[in-house]
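FYI, numbering that gives the first Met the number 0 numbers position 129 of the sequence shown as 128, with every residue one higher than the one before it. All C-beta atoms in this analysis are idealised placements derived from N, C-alpha and C, irrespective of residue type, glycine included. What follows is a short report on a single structure.
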Amino acid sequence: MPDALELLKTRRSIKPIELVGPAPSAGEIETLLTVASRVPDHGKLAPWRFIIFEGEARRAAGAAIAAAFCARYPTAKPEQVEAERNRLARAPLVIAVVSRAGPHVKIPEWEQVLSAGAAAMNLVLAAHALGYAASWITEWYAYDRGVLAALGLAENERIAGFVHIGRPREPAEDRPRPPLDAIASRFGTP
Ligand SMILES: Cc1cc2nc3c(=O)[nH]c(=O)nc-3n(C[C@H](O)[C@H](O)[C@H](O)COP(=O)(O)O)c2cc1C
């Protein structure tokens, strides 16, 4: 097994269009979900859930995206509509992380949302650890209530991310990372 710190230090996103098969196996998907759901969760509310898009179901979900796109842009060209239909079929596997955050007597909604972000990040890291690459994206349809209803989300649920998973078509270069002295400071005198 690769060194954990090495994995954390080398993770980077790969665009959905550059992710190719084979998709993770059923056993690997179980591992991905097991890791994704092992996150800090104030109040143990499990304020998130996951939706798996695989095989033909990716295009079926894409039909809802294309329909919403056509409603927004009635004069859209056929190739644009086709690109929308293909949104969730670019990578071999997409796992949506759904936030179920809401008002609670004790646990702030903000903390529930953060837990969904942690779940998405764990999912991305688990994919990397299994030898896959991932891309955590939202794009416009994550905010379209018609699309979300078609994907089975309730009114109170939101998309934290559509995590696209596959193998990188080719090695990709990293992007510059923020210098630590620009993002971290020490409080007071140690
Ligand atoms: C909640 C969330 C939503 C994102 N949505 C998009 C998106 O819609 N499109 C996109 O290109 N990147 C999106 N990103 C950024 C990518 O996940 C990724 O961070 C970026 O491509 C930089 O790559 P890196 O992960 O290697 O730093 C999103 C990130 C987060 C945390």
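- Within its own chain, the residues whose Cβ lies closer than 6 Å to the Cβ of alanine 125, once the five positions on either side in sequence are excluded, are Leu31 and Val34, listed in chain order.
- By the CB criterion at 8 Å, proline 167 and alanine 132 fall inside the cutoff.
- Rounded to whole angstroms, the separation of the alpha carbons of tryptophan 139 and glutamine 79 is 14 Å.
- Proximity of the beta carbon of glutamate 17 to ligand 1 is not indicated: no heavy atom of the ligand is located closer than 7 Å.
- Judged by DSSP secondary structure, glutamate 53 falls outside any alpha helix (DSSP H) and instead within the beta strand (DSSP E) spanning 47-53.
- By the Cβ neighbour-count rule, aspartate 40 is buried, with 16 or more other Cβ atoms within 10 Å of its own.
- Assigned with DSSP and collapsed to three states, histidine 127 falls in helix.
- Between the alpha carbons of alanine 183 and proline 189 lies a distance of about 15 Å.
- Judged by DSSP secondary structure, proline 77 falls outside any beta strand (DSSP E) and instead within the alpha helix (DSSP H) spanning 77-84.
- Under the DSSP assignment, glycine 61 falls in the alpha helix (DSSP H) whose first and last residues are 56-71.
- For glycine 160, there is no enclosing alpha helix (DSSP H); the residue is part of the beta strand (DSSP E) that begins and ends at 157-167.
- Comparing C-alpha distances from arginine 144 to each of Arg10, Ala66 and Pro21 shows the shortest one belongs to Ala66.
- Apart from sequence neighbours up to five positions away, the residues of its chain that approach isoleucine 51 with a beta-carbon distance below 6 Å are Ile94, ordered along the chain.
- Tryptophan 47 sits buried, since 16 or more C-beta atoms from the chains shown fall within 10 Å of its C-beta.
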